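**Student:** Pasting a structure below so you can have a look.
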Amino acid sequence: MCEEHTKQRFLKYVKVAPTGCWEWAGARTRDGYGTIKIHGKQRRANRVGYEIYRGAIPDGLLVCHTCDNSSCVRAEHLWLGTARDNRYDAMQKGRIARGNRHGTHTHPESVLRGERHVRAKLTLGQVEQIQEMCKQGAPQRVVAQVFGISRGHVGHIVRGESWRGGK
């Protein structure tokens, strides 16, 4: 793959950053990964950079970044790994939002719950009716038939496993 003209064309799009990264100055994906067309095929620039300076990439492996800069194409900042290796690396470096850093905690308003959920079958008013009917002793099977949902769904509502607190 390492023809000299490919290498020269590749280097045309490289800008050296103060961090030591070789930042891709050409086209990029939405995620910030560089792209370059080689022999009529669109390729990830970090993979092309790895192949130019380090050699072939075995099937099934990703080109991962030690610098965590998706636009970096410097071979010294790239390593081969599986998807699992890459995820573990991200987790070790704290780049995966978990716990209180997860989006459901930092932006709870963006989580679609209750009637706002795309697959919601009931309104809040209907959920309150279901809870009241069950509290009055109506069989869950009958309540399910009235609202056109499964008995299991009624059970989840009654136990607070869905529509917690009527929300």
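Residues 22 to 188, numbered by my numbering, are exactly what the sequence shown covers, in order. Glycine included, every Cβ here is placed at the ideal spot set by N, Cα and C. Here the structure is a predicted model, which means the values were calculated and not measured.
1. Quick one: is R116 buried, meaning 16 or more other Cβ sit within 10 Å of its Cβ, or exposed?
2. Quick check on the DSSP output: what are the complete alpha helix (DSSP H) runs of length 4 or more inside the stretch 81-163, in order along the chain?
3. Whose C-beta lies closer than 8 Å to the C-beta of C85 among residues of the same chain, with five residues either side of it excluded?
4. So, helix, strand or coil for R30, using DSSP?
5. Can you list, in chain order, the residues of its chain whose CB lies under 6 Å from that of Y54, leaving out five sequence neighbours each side?
6. Compute the Euclidean distance between the alpha carbons of K36 and Y71, then round it to the nearest angstrom.
7. Please return the same chain residues whose Cβ sits closer than 6 Å to the Cβ of A159, not counting the five positions on each side in sequence.
8. Grouping DSSP H, G and I as helix and E and B as strand, with all else coil, what is R172?
9. In the DSSP assignment, find the unbroken alpha helix (DSSP H) run with E72 in it and report its ends.
**Tutor:** Short version:
1. Mapped onto the sequence shown, residue 116 falls at position 95. Within 10 angstroms of the beta-carbon of R116 lie fewer than 16 other beta-carbons, which makes it exposed.
2. Restricting attention to alpha helix (DSSP H) runs no shorter than 4 residues, the stretch 81-163 encloses them at 104-113, 124-127, 145-156, ordered along the chain.
3. Within the sequence shown, residue 85 is the residue found at index 64, counting from 1. Correct list, in chain order: L99, W100, L101, G102, D106, N107, D110.
4. The residue labelled residue 30 in the question sits at position 9 within the sequence shown. Helix, per DSSP.
5. If you number the sequence shown from 1, residue 54 lands on position 33. Here the set comprises R65, S91.
6. For the purposes of this step, residue 36 is identified with residue 15 of the sequence shown, where counting begins at 1. For the purposes of this step, residue 71 is identified with residue 50 of the sequence shown, where counting begins at 1. The straight-line gap separating the alpha-carbon atoms of K36 and Y71 is approximately 16 Å.
7. As a position in the sequence shown, residue 159 is number 138, starting the count at 1. For A159, where only same-chain residues beyond five positions count, there are no Cβ hits under 6 Å.
8. Sequence index remark: in the sequence shown, residue 172 carries index 151 (1-based). Three-state result, R172: helix.
9. Numbered from its first residue, the sequence shown carries residue 72 at position 51. It spans 66-74 - the alpha helix (DSSP H) in which E72 sits, taken as one unbroken run.
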